[in-house]
Structure formats: C-alpha cells, structure tokens
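**Q**
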Amino acid sequence: RDIESVARIEGVSVERLQQAIDRGRRELYGVRSKRVWPGLDDKTLTSWNGMMLRAFAEAGVALERDDYVDVARRNADFILKHLKRDGLLLRTYKNGSSKLNGYLEDYAFTIEGLVSLYEATFELRWLLEAKSLADTMVAEFWDDAEGGFFFTDNAHEELIRRTKELEDNATPSGNSSAAWGLLRLSELTGNLDYRDRAETVLEAVGGALGQYARAFGHSLCALDTMLSTSIEIAIVGDPADEATRALAGEVRRRYIPGIVVAGAAPGDSAAAEAIPVLRDRGRVDARPAAYVCQDRTCGLPVTTVEALAAQLDAI
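Counted from 1, the sequence shown has number 100 at position 108 by the numbering used here; the numbering is strictly sequential.
1) Less than 8 Å between the beta carbons of Y329 and T36, yes or no?
2) Where does W172 sit, in a helix, a strand or coil, going by DSSP?
3) Report the three-state DSSP secondary structure of A49 (helix, strand or coil).
4) What did DSSP end up calling R246 once you bin it into helix, strand or coil?
5) Going by beta carbon distance, what residues of the same chain come within less than 8 Å of I307, once the five residues before and after it are set aside?
6) Considering Cα atoms alone, identify which of E159, E(-4), N67, P30 is closest to A205.
7) Give me, in chain order, the residues of the same chain whose beta-carbon lies closer than 6 Å to that of H74; leave out the 5 immediate sequence neighbours on both sides.
8) Which residues does DSSP pair with W134 in a beta bridge?
9) Since L80 sits in a beta bridge, which residues does DSSP pair it with?
10) Report all residues from its chain with a CB closer than 8 Å to the CB of R77; omit the five preceding and five following residues, and keep chain order.
11) Measuring alpha carbon to alpha carbon, tell me which of R288, Y95, L239 ends up nearest V294.
12) Which two residues bound the contiguous beta strand (DSSP E) that contains S89?
13) Less than 8 Å between the C-beta atoms of A190 and G140, yes or no?
14) For K86, write down the residues that DSSP places opposite it in a beta bridge.
15) How should T289 be labelled, buried or exposed, when 16 other C-beta atoms within 10 angstroms of its C-beta is the threshold for buried?
16) Alpha carbon to alpha carbon, how far is T128 from V297?
17) Could you give the distance in angstroms between the alpha-carbon of D185 and the alpha-carbon of D272?
18) Per DSSP, what are the beta-bridge partners of E224 in this structure?
19) If I'm right that V107 touches A122 with Cβ under 8 Å, what's the distance once you round it to whole angstroms?
20) Taking contact to mean at least 3 C-beta pairs separated by less than 8 Å, is the region 108 to 117 in contact with the region 39 to 54?
21) Report the rounded CA-to-CA distance for C213 versus D188, giving the unit in angstroms.
22) What distance in whole Å lies between the Cβ atoms of S25 and E97, which are believed to be in contact at a cut-off of 8 Å?
23) In terms of residue numbering, what span does the alpha helix (DSSP H) encompassing L184 cover?
24) Have a look at the DSSP bridge pairing and note the partners of C213.
25) Report the rounded CA-to-CA distance for V23 versus P30, giving the unit in angstroms.
26) If you draw a straight line from the C-alpha of L82 to the C-alpha of A264, how long is it?
27) Looking at C-alpha atoms only, which residue of V252, A170, R117 is the closest neighbour of H210?
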C-alpha cells in the first residue's frame, strides 16, 4: 500500500511514518552489516566483453547510434590494452591486474566483435587485430589430429583430458563462435584456410544439428553463412563525406544474413592490400561508389542510394 494509506490507517502523519521507516531501515542495516558480507564478483571477463563489443557495434549501425559505436571502440581498446599480452589474450581483469590464459571463447567472441566493429567503422586496425587473434587462436587451440578447437591453449596446465566445447548453451560455444568468426574473416581477407577450418568445425557437429537444433543455434547461424551465396559490399569514398555515409547506411539498415561489408577512402593501399574486394575499386566521376558482389563477382558500381537499393533488393 502507498504511504498515505498506511499513515491514515495508523492515525499518524505521512512525515512521522516516513521518519519511522527511515529509522527502522538504519537500525536493520546496522544489525545486518555485522554478518559476513557476500562475495562480490566484479571481475572483467574477456569473453563477455567480446560479446558486448559485437552487440554495441551492430546495434550502433542498425539504429544509427554513433554513441553505441563509440562504446564499442572504447571496449575494443580496453580489451586490446588490458587483456592482451605478448600477442595472447588473458581471461580476467580486476583492479588494474590481468591474469590467466585466455580460453577459446575469449578469442572467438573477441574476433567476432572486432570484425563487427570493423564493418561498423571501416577502421582497418580492428580487422587486422581480428586477423592476428585468429592466427593465434589457430596456433594455440587447433586440434591437428581430429580438427576443431580445444577449450584451452597449448600452454595451459596439463589436464586429464583436453576438452572441446561444441554445444551452444546460455552463451555460444567457443567452436561455433570460432567457426562464424573465421567464415567472416575468410570473406573479408580471402584467406581460404579460415574457411576450411570453419567447415571442419561444422562437420564435427553436423550429425547433431538436425537432431538437437536448440543446442546448436550459433553453429546453425555459421552453417547458414557457409552454405549461402557470399555477398560482399565494397564502399569507396571519404568516410566523412555524407554521400559515403548514405551508401553505407543503405547497406547497414538492412538485415542480410552472411553479408560482409568493407570500406575505404580512395587510394587507401593498406585496406586494398588486406581486403581483396577493395582492390582496383575507386570512386566514379569523383563520387563515392558502392560495389555489390556475389561470390567475388561484382556488379557495376553505383553512386546513389536508389541505385544501391535496387541492387540489394535483387539479391
């Protein structure tokens, strides 16, 4: 009941009743504070920050929220500054200290997040960081004998059994996330080894996907990406130009599963070197241009939102 009703029933003023409530709370807190306090788990986990990174990057472009994208940038900077040492990811951070070797999910979730951040910003550093972590993930976690990724890295303490995490639960499994991240990286970088390893991971769970679909949701997303026609969008123009932003916005406001989006300023040789779909692509009549490609075959470049929308509608 509201405080006015209780005060009326008790025959006191609202002010006197509020004073009694406040006094009672203070006395109760004084007694409770003598008990053993519960533990507070306030450490930072790399894997969960990787998921948050992807969520803010994708939400930022879908909802046209630059502040969300900025959160993703700052999150990525934090991970790479505080949770990466000598090229390897660490698991946790608290009170200025990072420790414990990263697990597979720490690498896989962060890779997915960095790829999404690259697509949200076209800032090449994020893609290069994702590629570097992917190469480390393969070197440290890949099972050369049977394929797939182990949960722990090569330097981890020796266990009775080195396990693999395959089923998606409250969070995606490390293997399903690794497969999806490697597929997206393969499309952007042209590295077919990434795709081959992703296929190997999905083949390992192929028999179970049809029988226990609920346990392999993220794997099914990766499988859909692998089996679908690859769609690559290249946008060339000054990132600060409104025309460039309009072309990118037309792509980003659509939900097209499996799509990868790359962008660069005219003459950006580093981006062209790292991302094949950007090679030999330039502006048209000094205007920003978009190239819609399927399976590495690109249509004619377009310079207007209307023309780009027509090409995307035809996919």
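The C-beta atom is built at its ideal place from N, Cα and C for all residues, glycine as well. On a predicted model such as this, the values are computed, not experimentally measured, just so you know.
**A** In short, the structure shows the following:
1) What is shown of the chain runs -7 to 307, which leaves residue 329 out entirely.
2) Numbered from 1 along the sequence shown, position 180 holds the residue referred to as residue 172. DSSP places W172 in helix when its eight states are reduced to three.
3) Here residue 49 refers to the residue found at position 57 when the sequence shown is read from its first residue. Of the three classes helix, strand and coil, the one that applies to A49 here is helix, per DSSP.
4) On the sequence shown, position 254 is the one that residue 246 refers to. Residue state, collapsed to three classes: coil.
5) Residue mapping note: residue 307 aligns to position 315 of the sequence shown, counting from 1. Cβ within range, chain order: I223, I248, V284, Q286.
6) By one-based count along the sequence shown, residue 205 stands at place 213. Of the listed residues, the one whose Cα sits closest to A205 is E159.
7) Locating residue 74 in the sequence shown gives position 82, counting from the first residue. Closer than 6 Å at Cβ, skipping near neighbours: Y85, S90.
8) Against the sequence shown, residue 134 aligns to sequence position 142. The partner list for W134 (beta bridge, DSSP) reads F141.
9) Counting from one through the sequence shown, the residue named residue 80 turns up at place 88. Note: L80 sits in a beta bridge opposite R77.
10) In the sequence shown, the residue the question calls residue 77 occupies position 85. Hits under 8 Å: S90.
11) The residue you call residue 294 lines up with position 302 of the sequence shown. The shortest Cα separation from V294 among R288, Y95, L239 belongs to L239.
12) Reading the sequence shown from its first residue, position 97 is the one you call residue 89. Counting along the chain, the beta strand (DSSP E) containing S89 begins and ends at 89 to 93.
13) As a first step, residue 190 is located in the sequence shown; it is residue number 198 there, counting from the start. As a first step, residue 140 is located in the sequence shown; it is residue number 148 there, counting from the start. For A190 and G140, no; Cβs fall outside 8 Å.
14) Counting from one through the sequence shown, the residue named residue 86 turns up at place 94. Answer is S89.
15) Stepping through the sequence shown from its first residue, residue 289 is reached at position 297. Answer is exposed; the Cβ neighbour count stays below 16.
16) Translated into the one-based positions of the sequence shown, residue 128 becomes position 136. Translated into the one-based positions of the sequence shown, residue 297 becomes position 305. The alpha-carbon atoms of T128 and V297 are separated by roughly 39 Å.
17) By one-based count along the sequence shown, residue 185 stands at place 193. By one-based count along the sequence shown, residue 272 stands at place 280. If you take the alpha carbons of D185 and D272, they lie about 24 Å apart.
18) The count along the sequence shown starts at 1 and reaches residue 224 at position 232. For E224, which the question treats as bridged, DSSP gives the partners V252, C285.
19) Indexing the sequence shown from 1 puts residue 107 at position 115. Indexing the sequence shown from 1 puts residue 122 at position 130. Yes, V107 and A122 are in contact; Cβ-Cβ is about 5 Å, under 8 Å.
20) yes
21) Reading the sequence shown from its first residue, position 221 is the one you call residue 213. Reading the sequence shown from its first residue, position 196 is the one you call residue 188. Approximately 17 Å between the Cα atoms of the pair.
22) Position 105 of the sequence shown holds residue 97. Position 33 of the sequence shown holds residue 25. Incorrect: roughly 38 Å between the Cβ atoms, too far for contact.
23) Locating residue 184 in the sequence shown gives position 192, counting from the first residue. Run containing L184: 184 to 196, per the alpha helix (DSSP H) assignment.
24) For the purposes of this step, residue 213 is identified with residue 221 of the sequence shown, where counting begins at 1. According to DSSP, C213 bridges with nothing at all.
25) On the sequence shown, residue 23 is found 31 positions in, with the first residue counted as 1. On the sequence shown, residue 30 is found 38 positions in, with the first residue counted as 1. Taking the straight line joining both Cα atoms gives about 15 Å.
26) On the sequence shown, position 90 is the one that residue 82 refers to. On the sequence shown, position 272 is the one that residue 264 refers to. The straight-line gap from Cα to Cα measures roughly 31 Å.
27) The residue labelled residue 210 in the question sits at position 218 within the sequence shown. That would be A170, whose Cα lies nearest to the Cα of H210.
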